[in-house]
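Chemist: Chains as they are written, first to last, in the UniProt record's numbering: chain A, 1 to 152; chain B, 1 to 822.
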Amino acid sequence: MAAVKRITKELAEFSNNPVPGVSAGLASEDNVFKWNVILTGPQGSPYSGGVFTLNLILPTEYPFKPPTLNFTTKIYHPNVSNDDKGSMCLGVLRSDSWKPSCKIVQVLEMAAGLLKEPNVDDAVETSIADEYKNNPESFEKTAREWTRKYAK
Amino acid sequence: MADQTISDNPEPRGERVERGTRGDRGGRGGRGRAGNRRGRGGNEGANPGSEQRTERNNRGGRGRGGRGGQSRGDRGNHQPTSSHMDTTNNTTDTPDAPAEQVSTGIVANDEKEPPSPTGTDNEEICFICANPIQYHSIAPCNHMTCHICSLRMRALYKTKQCPHCRTNSDYVIFTTNDTKSFEEYSPSDIAATDETLGIKYEGKQIRADTLVLLRYNCPEPNCDVACLGWPDLHRHVRNTHKLVLCDLCTRFKKVFTHEHTLFTYPELRKHERYGDDVPGTEDQSGFKGHPECGFCHKRFYGDDELYNHCKEAHERCFICDRESGGRPNYFLNWEALEEHFKQDHYRCTDAECLEKKFIVFASEMDLKAHVVEEHPQGLSKGALKDMRKVDMSAFGNTHTHGGGSTSRGRGGRMQRDYRRDPQAPEPPPPDGPMRRDEIAYHRTLAVQTAQNTVPPRMFGGQLTRPPQPIPAPAPAPAARPTQAGPPPVSQPVRAAARQEEAFPPLGALNTSSPPTQALNRPAPTRSAPVTQTAQSSVPANVPTSTAQKHEQVVGRATRLLNGDSSKLETFKKYISSYNSEKMSARDLIEAFWVLFNVQVAADLATLLRELSELFEKEEKRRKLLEAWHEWKSVNEDYPPMPGSSSGATAAGAGGARVLKLKSATNRNLRAGASPWSAVTSNTIERGGGSLADINGGGRIVPGAAVTVAGKGKAPVTSGSSPWASAVRNTGSVPSRGVAAAGRGRAAVASSAEFPSLPKAPPKYAPVPRKNEGKAPASVWSASNAAGAGPSGSGSGEGGPSDLMIMGVKGKGKKKQQIISWG
């Protein structure tokens, strides 16, 4: 399948040119469709100091269908669903806006970018988004707390 | 001079198109420009001489690696991290740029065919699929992919979007020339055009090579047969190769026909249940099996399809759904749901409410509230009071002074009831989405208000109201058209109506989209009955005049096209060109198929039948219908490959091409990029032993052993050699052993699970059985030849246990069979 070849290529590229703050690799050596991703909380954000693990699942039809990205570490973030799935809401990952030319590394960069700056317009947790907009102090406090509690 | 033209060209295009575009598109543009840039800006102290040299280097030696795959796409995406070229271009001199070049160059080299010093185009790698590009597909946005990716998007995913930028393009150009921009093509450059796919071909050969992909090519690697349609292909692989295709995959999987996988029946069962993902191999699919509906024991292609099925065919408990946080809780049907309500929730047992079908509550308290409110008649004053007391205390302090606005709607209503204020307005709907029972309740109230002059909330009013023998068949609220039927007469009918009322979404689904679609799907003769039903149902409102008919056709077409007026124009254009003999009936139908993009042939069937009635000439009408029937018989209800059935006529010419193409689209299996090959070889080494059952790719020695042994042992039947060849072709012995072990059941179950596959000619049935009965025995006897008796029964126990892991269960039975055959 085309998918494996492309994923392998992207993996090689990623290991040659890692993205700062992001480390990623295959969850198990013999399955290219599942990646483990580790994001480190960016300095200056409430997630600073935290280490967040994510699962990146690539569909068999990749790159014609988008991957999915789930936080396995609990995180207080407007764009991450606050449930056992921890689904990350990224615009590019929606199947109607996904482009086959989009690469995993871009997805990961965007995920890392969202830690730096949440995107309230694309929020999956609207209450957290409201808090982020209207009461940033309280948002930061909770986010920091959660980071300390779950992401250390 | 050549270098000059190359470096000149991309600049204007680069300016014209956006940065990303420029990079994406410019396999060649990048090549020339990159060299140019670096010479100019990047390489400090550049002079014309060095510029020339750099450029030449780019094109010749390193150009292959850089230009192939890596550089091309990366640049387009502006990944500062992932593209050495980009880095060089945009940030001038990044310290790590050279290192990147080296490393990516290596990767690219790994992926390549034997390097050719001339650096011809076929070494470029498609950005999307990472395979070498044979032909380029260029879109109006000047983005390039390989022709296979482009065709995949257009023919299989049925989207005309550019895979790079999602721009819709009516046409793309398939070409060997990667330096010419889309605008530079004049009509004279185009050798052929495919309107339905929206592809223009620079040469006839390209067109032939493209259309060959769309034929029903047999997936067997060494078979160059192209079939007429899916049913034909199913027959072919079963009769010729003794293998089967997965029915669900052929319907839904977006791959070219030759990319499908062939299975033995047991392999197919494994494929359906667990998927055929082979971790660690290069062709691992990541596929985890087709999910099964727990009620119907029917499998669906993916989770989405299963979800749709459950939504249509089964019922959800809204109370459980709410409690489980949105996770659906399904029940087989209404009866099962009712039973569940009875047992696990609080159902109002009042006759009226029972009839309403499911006035049911999550808690006893809610139920009591409902009883007090709706059915106070049956209760003594004391009992009524008691009930309220319980409720009041349960609701707690927050509700005692609140009046209407409480978080729980029922609490609020209770309060007002208690005050017995006849003038109190209707309780406002509680905040947020109402539960279904609440919606139903409100609706009932509305009906009562409309019907009775007595204010509904008045206690006395309720008492004096006649007991309502037939509860308000109701001049239903406008939003509920399903209610419009005649007053219910019989119990079941009324119940049904009530169901719809109480559970609008489910009810609507149940009635308006009956599961006929699902039921029909597997039947091989499906198209025919569907057409018939369509025909028989239509006459009720058959329009008499031509104008009306015309209107009906246009209306239906519009509906099928989702009101897309430009498509409607195309539709009309097709018809007129058919009318004026410019288009054959067959082409017309295929054009329709692509245009309407329908999943179900029945939609098209109705449209075509209506359309055929519009033609005044009898012959036109007949030809259209004939073509339709022919098309239908070839395609049945499978999604056909656009343009393929006509392509099938070229079967003879394409044989060699197919084989070549198979190796092209499977090339990745061999290629092996660096991190991966290590893993793979590793796995394969282990694969002989414990990884036996997952080592599907291992077409290795044991296969031969089976073949030989099988031949020796097998009863003298014509089946033995096909069987042997089948073994050789599909490889993995262990799964074959497993396969054979499960065979007894497989034969029965598979025929039940795949009703749509035409029945196999009976003569084949016993043959594989015999052989497969033998097969495990021969495996054992081959592998521990020393102790194997001819019966094979003794060796069975001694066989390598890891081979038998999955087959253990069936072994006993198998042995018996072997004996009985011997």
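Quick reminder that beta carbons are idealized off the backbone N, C-alpha and C, glycines included. None of the values given here were measured: they were computed from a predicted structure.
Expressed to the nearest angstrom, what Euclidean distance is found between the alpha-carbon atoms of Ile138 of chain B and Trp146 of chain A?
Modeler: 49 Å
Chemist: Quick test of your reading: Asn55 of chain A and Asn36 of chain A, contact by CB under 8 Å. State the CB separation rounded to the nearest angstrom.
Modeler: By a beta-carbon distance limit of 8 Å, Asn55 of chain A contacts Asn36 of chain A. Their separation comes to about 7 Å.
Chemist: Would you kindly check if the distance between the Cβ of Lys567 of chain B and the Cβ of Leu607 of chain B is under 8 Å?
Modeler: no
Chemist: Using 8 Å as the cut-off, can you tell me whether the stretch 136-154 of chain B makes contact with the stretch 198-210 of chain B, which would need three or more C-beta pairs spanning the two stretches below that distance?
Modeler: yes
Chemist: Hey, is Ser81 of chain A's beta-carbon within less than 8 Å of any beta-carbon in chain B?
Modeler: no
Chemist: Taking Ser169 of chain B as the reference, give the member of B:Glu195, B:Asn217, B:Thr176, B:Ala191 with the closest Cα.
Modeler: B:Glu195
Chemist: By the three-class DSSP mapping on this structure, what secondary structure does Asn36 of chain A have?
Modeler: strand
Chemist: Excluding the 5 residues preceding and the 5 following Leu114 of chain A in the sequence, name in chain order all residues of the same chain whose CB lies nearer than 6 Å to its CB.
Modeler: Contacts found: Asn79.
Chemist: Give the straight-line distance between the Cα atoms of Leu624 of chain B and Lys342 of chain B, rounded to the nearest whole angstrom.
Modeler: Their Cα atoms are separated by approximately 56 Å.
Chemist: Taking all protein chains shown into account, do 16 or more other C-beta atoms lie within 10 angstroms of the C-beta of residue 825 of chain B, making it buried, or fewer, making it exposed?
Modeler: Any question about residue 825 of chain B goes unanswered here, given that chain B covers just 1 to 822.
Chemist: In whole angstroms, what is the alpha-carbon distance linking residue 900 of chain B and Glu272 of chain B?
Modeler: Chain B is shown from 1 up to 822; residue 900 of chain B falls before or after that span and cannot be answered.
Chemist: Could you compute how far the alpha carbon of residue 849 of chain B sits from the alpha carbon of Phe331 of chain B?
Modeler: Any question about residue 849 of chain B goes unanswered here, given that chain B covers just 1 to 822.
Chemist: State the CB to CB distance for the pair Cys165 of chain B and His136 of chain B, rounded to an integer number of angstroms; the pair is presumed to be in contact (CB under 8 Å).
Modeler: Contact doesn't hold; Cβ gap of about 16 Å is too wide.
Chemist: Can you give me the start and stop residues for the alpha helix (DSSP H) that Met110 of chain A sits inside?
Modeler: Met110 of chain A -> alpha helix (DSSP H) spans 104-116.
Chemist: Suppose you measure from the CA of Ile173 of chain B to the CA of Gln43 of chain A; what does that come to, to the nearest Å?
Modeler: 48 Å
Chemist: Helix, strand or coil for Leu560 of chain B per DSSP?
Modeler: helix
Chemist: For the alpha helix (DSSP H) that Thr147 of chain A lies in, which residues bound it at each end?
Modeler: 136-150
Chemist: Candidates A:Glu13, A:Lys65, A:Lys133: which alpha carbon is nearest Trp98 of chain A's?
Modeler: A:Lys65
Chemist: Drop a sphere of 10 angstroms on the beta-carbon of Lys632 of chain B, count the other beta-carbons inside from all chains shown, and report buried for 16 or more, exposed for fewer.
Modeler: The residue in question, Lys632 of chain B, is buried, as its Cβ has 16 or more Cβ neighbours within 10 Å.
Chemist: Rounded to the nearest angstrom, how far is the Cβ of Leu151 of chain B from that of Leu233 of chain B, given a contact under 8 Å?
Modeler: Between Leu233 of chain B and Leu151 of chain B the Cβ distance is about 19 Å, and since that is not below 8 Å, they are no contact.
Chemist: By Cβ distance, which residues of its chain are closer than 8 Å to Tyr301 of chain B, with the 5 residues on each side in sequence left out?
Modeler: Leu248, Cys249, Arg251, Phe252, Lys253, His290
Chemist: Beta-carbon of Phe263 of chain B versus every beta-carbon of chain A: anything under 8 Å?
Modeler: no
Chemist: Using DSSP with H/G/I as helix, E/B as strand and the rest coil, what is residue 852 of chain B?
Modeler: What is shown of chain B runs 1 to 822, which leaves residue 852 of chain B out entirely.
Chemist: Mind listing the chain B neighbours of residue 166 of chain A? Cutoff is C-beta to C-beta under 9 Å, in chain order.
Modeler: No statement about residue 166 of chain A is possible, as the shown extent of chain A runs from 1 to 152 and does not include it.
Chemist: Does the beta carbon of Ala130 of chain B sit closer than 8 Å to a beta carbon anywhere in chain A?
Modeler: yes
Chemist: Less than 7 Å between C-beta atoms, sequence neighbours within five positions excluded: which residues of the same chain meet that for Val51 of chain A?
Modeler: Excluding residues within five positions, the ones whose Cβ falls inside 7 Å are Ile38, Thr40, Ala151.
Chemist: Using a Cβ-Cβ cut-off of 8 Å, state whether Lys254 of chain B counts as contacting chain A.
Modeler: yes
Chemist: By a C-beta neighbour count over all protein chains shown, 10 Å radius and 16 as the cutoff for buried, is Val92 of chain A buried or exposed?
Modeler: exposed
Chemist: Buried or exposed: which applies to Lys582 of chain B, given that a residue is buried once 16 or more other Cβ atoms fall within 10 Å of its Cβ?
Modeler: Exposed, since its Cβ has fewer than 16 Cβ neighbours within 10 Å.
Chemist: Using the Cα positions of Glu373 of chain B and Ala383 of chain B, report the straight-line distance between them to the nearest angstrom.
Modeler: 13 Å
Chemist: Determine the direct distance from the alpha carbon of Leu11 of chain A to that of Lys160 of chain B, and round the result to whole angstroms.
Modeler: 29 Å
Chemist: Return the chain-ordered list of same chain residues with a C-beta closer than 7 Å to the C-beta of Phe295 of chain B, the five sequence neighbours on each side being excluded.
Modeler: His314, Leu332
Chemist: Name, please, each residue of chain A whose Cβ falls closer than 9 Å to the Cβ of residue 824 of chain B.
Modeler: This structure cannot speak to residue 824 of chain B, because chain B is shown only from 1 to 822.
Chemist: Taking the C-alpha atoms as reference points, what is the distance between Arg6 of chain A and Met153 of chain B?
Modeler: 16 Å
Chemist: By the 8 Å beta-carbon criterion, what residues does the stretch 77-108 of chain A contribute toward chain B?
Modeler: Asp83, Ser97, Lys99, Pro100, Ser101, Cys102, Lys103, Val105, Gln106
Chemist: Which whole-angstrom value is the C-beta distance of Val553 of chain B and Leu604 of chain B, which I expect to be below 8 Å?
Modeler: Between the beta-carbon of Val553 of chain B and that of Leu604 of chain B there is about 12 Å, and that puts the pair past the 8 Å contact cut.
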